[in-house]
Amino acid sequence: MTQALTDKLSQADPFTVAGVALGSRLIMGTGGAPSLDGLGAALVASGTELTTVAMRRYATGGGPGAGTNLFELLLENNIRVLPNTAGCFTAREAVMTAELAREALETDWVKLEVIADEHTLLPDAVELVDATEQLVNRGFKVFAYTNDDPVVALRLEQLGAAAVMPLGAPIGTGLGILNPHNIELIVSRANVPVVLDAGIGTASDAALAMELGCDAVLLATAVTRAQDPVRMAEAFKHAVIGGRLASRAGRIPKRAHALASSAMEGRPDL
Amino acid sequence: MSTIHLNGAPAPLAAGTTVADLVAAVTGRAILPTGQPADGRRLGVAVARNADIVPRSRWSQTAVETDDDVEIVTAVQGG
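Taken in order, these protein sequences are the chains called X and S.
Quick note: the first sequence uses this note's numbering, first residue -12, plus one each step.
Quick note: the second sequence uses this note's numbering, first residue 1043, plus one each step.
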């Protein structure tokens, strides 16, 4: 597929979230990359227009401006920054982190991640719902990272989340989409974008997410920890495009018995 | 000698230090009275003093006091 055709297709089918139309349905994360240069190359290869970052203490050990380089890297590549609340266990911590991120990065978009424990990294639904309500009230556009429970997903939307982001599998596991039925259910009931976020391992997982009807996919580890991150980023770029096109092309139904694709009439008498 | 807690570690506090001074020291970049960096690039930094966010427009007017707990944060790889 030529770049021109890719661009034309994405312009005709933009990913609209929080009032903004994005040309790419692949949201990237930045965790796990061994170097900033490698990360930059992978982000460019992915075609992403939105990328998440964490908020941490400015590390003076890295030299002047060491902590700012990531923010500048995204700015230089015209990638919109989406700060996340990674590392927060309570609504209070998440709200404070979001406020710091808004002040530092001058955006009111936030990926809300409130985890229950460091072992499973699973979202704490109770704190997440509380934090979503508080952050929406404070004027944030909340991209809520959640589990694959359709009830929680709908609650987050009702509280005003700009996007609902159910996991396919726990962060970093690469297990793909463990409960496709739930993801499909979440998609069918949602009136805000649904972004499959976490657990993606390889390109086919992202294509499946799009075929299940997700509006976008968010991944980090699958690229940053791949043996060839740039090549894998490019793979995901195509997988998300392919899965989206397939989801809108009206696939054939699954049949119990064969249906010949070639007519029997007109066969020569051999 | 006065000290404060800066990003979780004790740090000496000179009289008259403002939040802007701390940001300049930590980032290695000069900060204008408006809170913008003098070099004109984006800074990407936020400051909390005793768990309250100090907006950048107030950095140069906010004095740092003894035993203050100051957190200076920025975007890093993650998520």
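Just so you know, even glycine gets a beta-carbon here, dropped at the ideal spot from N, CA and C.
- If you draw a 10 Å sphere on the C-beta of R242(X), you find fewer than 16 other C-beta atoms in it, and that means exposed.
- In the three-state DSSP reduction, K241(X) falls in the coil class, being neither helix nor strand.
- The beta strand (DSSP E) runs of length 3 or more contained entirely in the stretch 174 to 256 of chain X are, from start to end of the chain, 182 to 184 and 203 to 206.
- In this structure, the straight-line span from the alpha carbon of L92(X) to that of L172(X) is close to 35 Å.
- Put simply, the CB of R1091(S) is far from chain X, with every gap to its CB atoms at 8 Å or more.
- In this model, G188(X) and E36(X) are separated by some 21 Å (Cα to Cα).
- Around E86(X), the beta-carbon contacts reaching into chain S at under 7 Å are I1095.
- Residue R67(X) holds the alpha-carbon nearest to the alpha-carbon of A8(X) among T94(X), R67(X) and A250(X).
- Under the Cβ distance rule, G18(X) counts among the residues neighbouring chain S, one pair being separated by less than 8 Å.
- In this structure, the alpha-carbon of S22(X) lies about 20 Å from that of L69(X).
- Taking 8 Å as the cut-off, the beta carbon of V1115(S) is found closer than this to the beta carbon of M42(X).
- The CB of A1117(S) comes closer than 9 Å to the CB of T17, V40, A41, M42, R43, G54, T55, L57, F58, L61, V68, P70, A88, A91 and L92 in chain X, given here in chain order.
- R89(X) and R125(X) have their C-alpha atoms spaced approximately 11 Å apart.
- The beta carbons of D1094(S) and H1047(S) sit no closer together than 8 Å.
- Membership of F58(X) in the alpha helix (DSSP H) is indicated by the continuous run N56 to E63.
- Along the stretch 186 to 209 of chain X, going in chain order, the ones with a CB nearer than 7 Å to a CB of chain S are A207.
- Under the DSSP assignment, P137(X) falls in the alpha helix (DSSP H) whose first and last residues are P137 to Q145.
- By the neighbour-count criterion, in which a residue is buried when 16 or more other Cβ atoms sit within 10 angstroms of its Cβ, G27(X) is buried.
- Its chain contains T107, L108, L109, A185 and G186 as the residues whose beta carbon lies nearer than 7 Å to that of P157(X), once the 5 sequence neighbours on both sides are disregarded; these appear in chain order.
- Exclusion of the five residues before and after R176(X) leaves P137 and L141 as the residues of its chain whose Cβ lies within less than 7 Å of its Cβ.
- A73(X) reaches chain S at G1120 and G1121, counting residues in chain order whose Cβ is nearer than 9 Å.
- Looking only at A1088(S), A1062(S) and V1106(S), the smallest Cα-Cα distance to A1080(S) is reached by A1062(S).
- The Cβ-Cβ distance between V179(X) and A148(X) falls below 8 Å.
- Within a 10 Å sphere around the beta-carbon of L257(X) sit fewer than 16 other beta-carbons, which makes this residue exposed.
- Ranking D0(X), S33(X) and A(-9)(X) by CA distance to the CA of A236(X) puts D0(X) first.
- Of all residues in the stretch 1071 to 1082 of chain S, only R1071 come within less than 7 Å of chain X when Cβ atoms are compared, listed by chain position.
- Take the alpha-carbon of N56(X) and the one of A190(X): they are about 29 Å apart.
- For the pair G74(X) and I102(X), the Cα-to-Cα distance works out to about 7 Å.
- Under a 10 Å Cβ-count criterion, S1099(S) is classified as exposed, with fewer than 16 other Cβ atoms of the shown protein chains found around its own Cβ.
- Contact between L1055(S) and T1108(S) is confirmed by a C-beta separation of about 6 Å, below the 8 Å threshold.
- Within the stretch 95 to 110 of chain X, those residues whose Cβ lies closer than 8 Å to any Cβ of chain S are, in chain order, K98 and E100.
- Identification of chain S residues near T47(X) by a Cβ-Cβ cut-off of 7 Å yields V1068, ordered along the chain.
- Within the stretch 1068 to 1109 of chain S, the complete beta strand (DSSP E) segments at least 3 residues long are 1087 to 1091 and 1094 to 1096, listed from N- to C-terminus.
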